[in-house]
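Chains as they are written, first to last, in full-length UniProt numbering: chain A, 1 to 331; chain B, 1 to 331.
Number of protein chains: 2
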Amino acid sequence: MQNQTIRLASRPTGAPTAETFQFTTSEAPTPTPGQVLLKTRYVSVDPYMRGRMSAAKSYVAPFEVGEPIAGGVVAEVVESNLDKLPVGSLVVGNLPWQQYTVSDGKGLQQIPAGPAPISYFLGLLGMPGLTAYFGLLDICQPKAGETVVVSGAAGAVGMVVGQLAKIKGARVIGTAGSDEKVAYLKELGFDEAINYKTANIAEALAAAAPNGVDCYFDNVGGEITDAVYDLLNKHARIALCGQIASYNATEAPVGPRPEGKLLKTSAKLQGFIVSDYLPQWPEGVKQLTEWYSQGKLRFEETITEGFDQIPNAFLGLFKGENTGKALVKVA
Amino acid sequence: MQNQTIRLASRPTGAPTAETFQFTTSEAPTPTPGQVLLKTRYVSVDPYMRGRMSAAKSYVAPFEVGEPIAGGVVAEVVESNLDKLPVGSLVVGNLPWQQYTVSDGKGLQQIPAGPAPISYFLGLLGMPGLTAYFGLLDICQPKAGETVVVSGAAGAVGMVVGQLAKIKGARVIGTAGSDEKVAYLKELGFDEAINYKTANIAEALAAAAPNGVDCYFDNVGGEITDAVYDLLNKHARIALCGQIASYNATEAPVGPRPEGKLLKTSAKLQGFIVSDYLPQWPEGVKQLTEWYSQGKLRFEETITEGFDQIPNAFLGLFKGENTGKALVKVA
Numbered sequence: 001m002q003n004q005t006i007r008l009a010s011r012p013t014g015a016p017t018a019e020t021f022q023f024t025t026s027e028a029p030t031p032t033p034g035q036v037l038l039k040t041r042y043v044s045v046d047p048y049m050r051g052r053m054s055a056a057k058s059y060v061a062p063f064e065v066g067e068p069i070a071g072g073v074v075a076e077v078v079e080s081n082l083d084k085l086p087v088g089s090l091v092v093g094n095l096p097w098q099q100y101t102v103s104d105g106k107g108l109q110q111i112p113a114g115p116a117p118i119s120y121f122l123g124l125l126g127m128p129g130l131t132a133y134f135g136l137l138d139i140c141q142p143k144a145g146e147t148v149v150v151s152g153a154a155g156a157v158g159m160v161v162g163q164l165a166k167i168k169g170a171r172v173i174g175t176a177g178s179d180e181k182v183a184y185l186k187e188l189g190f191d192e193a194i195n196y197k198t199a200n201i202a203e204a205l206a207a208a209a210p211n212g213v214d215c216y217f218d219n220v221g222g223e224i225t226d227a228v229y230d231l232l233n234k235h236a237r238i239a240l241c242g243q244i245a246s247y248n249a250t251e252a253p254v255g256p257r258p259e260g261k262l263l264k265t266s267a268k269l270q271g272f273i274v275s276d277y278l279p280q281w282p283e284g285v286k287q288l289t290e291w292y293s294q295g296k297l298r299f300e301e302t303i304t305e306g307f308d309q310i311p312n313a314f315l316g317l318f319k320g321e322n323t324g325k326a327l328v329k330v331a
Numbered sequence: 001m002q003n004q005t006i007r008l009a010s011r012p013t014g015a016p017t018a019e020t021f022q023f024t025t026s027e028a029p030t031p032t033p034g035q036v037l038l039k040t041r042y043v044s045v046d047p048y049m050r051g052r053m054s055a056a057k058s059y060v061a062p063f064e065v066g067e068p069i070a071g072g073v074v075a076e077v078v079e080s081n082l083d084k085l086p087v088g089s090l091v092v093g094n095l096p097w098q099q100y101t102v103s104d105g106k107g108l109q110q111i112p113a114g115p116a117p118i119s120y121f122l123g124l125l126g127m128p129g130l131t132a133y134f135g136l137l138d139i140c141q142p143k144a145g146e147t148v149v150v151s152g153a154a155g156a157v158g159m160v161v162g163q164l165a166k167i168k169g170a171r172v173i174g175t176a177g178s179d180e181k182v183a184y185l186k187e188l189g190f191d192e193a194i195n196y197k198t199a200n201i202a203e204a205l206a207a208a209a210p211n212g213v214d215c216y217f218d219n220v221g222g223e224i225t226d227a228v229y230d231l232l233n234k235h236a237r238i239a240l241c242g243q244i245a246s247y248n249a250t251e252a253p254v255g256p257r258p259e260g261k262l263l264k265t266s267a268k269l270q271g272f273i274v275s276d277y278l279p280q281w282p283e284g285v286k287q288l289t290e291w292y293s294q295g296k297l298r299f300e301e302t303i304t305e306g307f308d309q310i311p312n313a314f315l316g317l318f319k320g321e322n323t324g325k326a327l328v329k330v331a
């Protein structure tokens with residue numbers, strides 16, 4: 001049985017390209033006692049993975065050149081030497097980008113039947129959904145009537161942030177990179193949505209937030225963030241989740257210093273990664289599942305088909321090609 | 001009885017100068033029933049007052065051109081029509097820069113006899129000491145063995161921050177602008193002190209913080225802050241207290257964007273002003289008084305004499321002329 005693997009061919013300088021990735025083929029592995037053989041069903045491509053392609057120290061260890069790239073994967077158990085994971089079980093975990101993988105089951109989460117499509121465990125009920133949940137509800141803690149801005153609002157994290165803020169009774173403003181995405185955000189219930197590629201972002205945000213900004217969930221950074229900082233209310237809370245605007249930068253990004261604005265407003269800026277909240281994950285999944293089942297949360301996926309399309313789906317993240325969760329359906 | 005007042009002559013562009021201030025003379029006022037006449041004893045000059053000289057919206061309302069400048073003052077009651085403040089009482093409050101002022105007593109705090117020199121109620125036991133207390137102990141929460149950096153360490157706030165961090169068992173690094181200040185910080189018990197005017201600040205901080213930085217109490221901003229951000233440990237806490245490096249800037253300061261560094265470390269950056277903690281002031285004064293009485297806290301003042309010297313003492317803040325609290329002794 002043939003098994004394709006995608007490896008880091010070289011560390012990208014600036015934007016990754018097709019040459020960043022190397023496909024290799026080997027025999028599918030055979031599970032030993034205590035192991036299962038997993039067949040990859042869905043592969044998640046996420047902006048944070050760009051960081052792991054660099055050698056720089058960050059919150060997750062770098063990928064090694066020549067080694068498989070790894071990330072969120074939904075897989076099916078196709079051979080089992082492990083009682084708790086019988087053949088047919090569906091699991092989600094951090095797994096290599098390959099068609100078949102053996103595992104001892106550690107770090108794998110079994111996907112329960114029923115509540116949602118299995119791919120949602122890479123989205124609404126997985127890392128992006130929980131990132132939105134803890135970043136917004138623990139760090140920002142929006143109150144009814146407050147104004148919440150979310151950048152990258154049409155992404156997997158952002159669209160959940162906006163809907164959660166609406167559940168909490170806030171006024172919600174999203175920024176996104178196309179008119180189609182803006183229209184979609186309005187459909188989801190965002191009060192205002194701004195196409196940052198065509199609008200004067202500072203003017204558009206000021207017009208959309210006449211009472212200032214109480215909470216900012218930042219997935220993007222750069223000029224959108226500069227504009228939000230000018231609108232902060234006293235005791236504003238900023239959840240610093242991502243900086244996709246600068247992930248491919250070849251020089252350290254420079255901009256207006258934010259400290260003066262944060263000082264004048266007694267604002268809080270909190271960087272975080274969803275693993276900071278690992279002990280609270282089950283609580284988050286439960287609440288998100290409940291709101292989804294009640295029709296209070298919608299979710300969207302951009303699904304590409306075919307193992308060989310994984311690099312293209314990843315590269316598309318930086319071109320804004322996806323609305324909602326970017327996934328590759330493998331089998 | 002003659003009464004001199006110092007007014008804002010014009011809003012400064014860049015650094016204030018002698019021309020920023022206007023002296024006027026009038027008759028000392030007479031207290032009506034329910035009022036006291038206050039004779040100014042000590043005037044506090046503080047970096048934050050530069051912000052009030054600009055028209056820009058900030059956490060405290062701007063001074064008006066032509067109106068008296070006001071700030072922290074220790075005064076003595078010399079005439080009284082108010083039972084609770086008999087003649088001879090000493091008070092501290094936010095009062096105009098003038099020799100005599102009438103007051104209905106609202107917003108004035110009576111200075112208890114005994115625990116410390118009366119001027120300390122503008123320093124260790126006043127706004128600067130409480131700023132250090134709440135910023136460090138509530139926002140940074142240093143733990144024993146952690147590394148704390150404080151910029152502007154030889155100022156009224158910074159020297160208290162460093163000593164409080166030592167009380168909590170942390171390793172403490174201070175930055176200051178002269179070799180004399182550096183020597184003084186060592187005397188106070190700082191583990192390391194760096195003259196940012198002569199050192200390569202990034203190299204010196206990296207050498208002084210071999211285990212990284214867990215807490216940063218920022219009074220200064222600019223390049224010192226850039227260097228600290230490069231050394232942050234996971235879950236670092238930053239109390240954003242002042243930005244004296246940019247208070248006289250004529251253009252919005254620009255620098256490396258910090259968000260990427262704060263994101264990678266799940267760091268918290270919290271802007272604050274001591275009035276955010278108004279309800280907890282008595283607790284803070286009590287604890288600082290106790291540590292001072294026990295000899296665990298020392299304090300330093302740079303006292304200039306004479307009402308006419310108030311503008312010079314203020315301007316000296318931006319030249320780093322003061323060690324500890326800058327005060328003017330008026331009478």
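Beta carbons: idealized from backbone N, C-alpha and C, even for Gly.
Just so you know, these numbers come straight off a predicted model, no measurement behind them.
Cutoff 7 Å; reference residue i; Cβ partners in own chain excluding five residues on either side
{"i": "Asp-226/B", "result": "Gly-255, Pro-256"}
{"i": "Asn-233/B", "result": "Gly-212, Val-213, Asp-214, Thr-265"}
{"i": "Phe-63/B", "result": "Leu-8, Arg-52, Met-53, Ile-69"}
{"i": "Ile-139/B", "result": "Arg-237, Ala-239, Gln-270, Phe-272"}
{"i": "Ser-246/A", "result": "Gly-221, Gly-222, Pro-253"}
{"i": "Ala-18/A", "result": "Pro-311"}
{"i": "Ser-80/A", "result": "Val-36, Pro-86, Val-87"}
{"i": "Val-228/A", "result": "Val-149, Leu-205, Val-213, Tyr-216"}
{"i": "Ala-55/B", "result": "Arg-11, Pro-62"}
8 Å Cβ cutoff, residue i in contact with chain A
{"i": "Leu-136/B", "result": "no"}
{"i": "Thr-225/B", "result": "yes"}
Residue-level contact to chain B via CB, residue i, 8 Å cutoff
{"i": "Pro-272/A", "result": "Note that residue 272/A is Phe in the sequence shown here, rather than Pro. Chain B contact via Cβ: present."}
{"i": "Lys-268/A", "result": "yes"}
{"i": "residue 339/A", "result": "Because chain A in this structure spans residues 1 to 331, residue 339/A falls outside the shown range and cannot be described."}
Pick from the options that is closest to residue i, judged by C-alpha positions
{"i": "Gln-35/A", "options": "Gly-316/A, Thr-101/A, Tyr-59/A, Leu-317/A", "result": "Thr-101/A"}
{"i": "Thr-5/A", "options": "Gly-14/A, Arg-52/A, Gly-66/A", "result": "Gly-66/A"}
{"i": "Ile-201/B", "options": "Gly-189/B, Asn-211/B, Ile-173/B, Leu-185/B", "result": "Ile-173/B"}
{"i": "Lys-106/A", "options": "Gly-145/A, Lys-168/A, Leu-38/A, Ala-165/A", "result": "Leu-38/A"}
{"i": "Asp-276/B", "options": "Cys-241/B, Gly-306/B, Gln-2/B, Pro-86/B", "result": "Cys-241/B"}
{"i": "Trp-291/B", "options": "Val-330/B, Gln-163/B, Pro-117/B, Val-328/B", "result": "Gln-163/B"}
{"i": "Leu-136/B", "options": "Glu-321/B, Ala-165/B, Gln-22/B", "result": "Ala-165/B"}
{"i": "Gly-308/B", "options": "Lys-296/B, Leu-317/B, Val-330/B", "result": "In the sequence as presented, Gly is not what sits at residue 308/B; that position holds Asp. Residue Val-330/B is the option with its Cα nearest to Asp-308/B."}
{"i": "Ile-167/B", "options": "Lys-143/B, Glu-283/B, Asn-3/B", "result": "Lys-143/B"}
{"i": "Leu-297/A", "options": "Ala-116/A, Leu-278/A, Glu-146/A, Pro-258/A", "result": "Ala-116/A"}
{"i": "Glu-203/A", "options": "Pro-29/A, Gln-141/A, Ile-224/A", "result": "Ile-224/A"}
Local conformation of residue i per DSSP, three classes
{"i": "Lys-268/B", "result": "strand"}
{"i": "Leu-90/A", "result": "strand"}
{"i": "Phe-307/A", "result": "helix"}
{"i": "Asp-83/A", "result": "coil"}
{"i": "Thr-289/B", "result": "helix"}
{"i": "Glu-146/A", "result": "coil"}
{"i": "Leu-231/B", "result": "coil"}
{"i": "Pro-282/B", "result": "helix"}
{"i": "Val-328/A", "result": "strand"}
{"i": "Lys-261/B", "result": "helix"}
{"i": "Ala-252/A", "result": "coil"}
{"i": "Ser-119/B", "result": "helix"}
Same chain, Cβ closer than 8 Å to residue i, neighbours up to 5 away in sequence not counted
{"i": "Gly-126/B", "result": "Ser-44, Gly-72, Val-92, Tyr-120"}
{"i": "Leu-327/B", "result": "Tyr-42, Val-43, Ser-44, Val-45, Ser-119, Leu-122, Gly-123, Glu-301, Thr-302, Ile-303, Thr-304, Ala-313"}
{"i": "Lys-197/A", "result": "Gly-177, Ser-178"}
Residues near residue i by beta carbon distance below 6 Å, same chain, minus five either side
{"i": "Ile-244/A", "result": "Pro-47, Val-220"}
{"i": "Val-160/A", "result": "Gly-129, Ala-132"}
{"i": "Lys-186/A", "result": "Ala-193"}
{"i": "Gly-14/B", "result": "Asn-248, Thr-250"}
{"i": "Val-182/B", "result": "Ala-176, Ala-193, Asn-195"}
{"i": "Glu-76/B", "result": "Lys-39, Arg-41, Leu-90"}
{"i": "Val-78/B", "result": "Leu-37, Lys-39"}
Positions along the segment 238–266 of chain A whose CB lies within less than 8 Å of some CB in chain B:
Correct list: Leu-240, Cys-241, Gly-242, Gln-243, Ser-246, Ala-252, Pro-253, Val-254, Gly-255, Pro-256, Arg-257, Pro-258, Glu-259, Gly-260, Leu-262, Leu-263, Lys-264, Thr-265, Ser-266.
Short-range partners of chain B found in the segment 51–75 of chain A, where Cβ spacing is below 9 Å
For the segment 51–75 of chain A, the beta-carbon criterion of a distance under 9 Å to any beta-carbon of chain B is satisfied by Gly-51, Ala-56, Lys-57, Ser-58, Tyr-59.
Proximal residues, the segment 194–223 of chain B versus chain A, C-beta separation under 9 Å
Residues are counted here when their Cβ sits less than 9 Å from a Cβ of chain A; for the segment 194–223 of chain B these are Asp-218, Gly-221, Gly-222, given in chain order.
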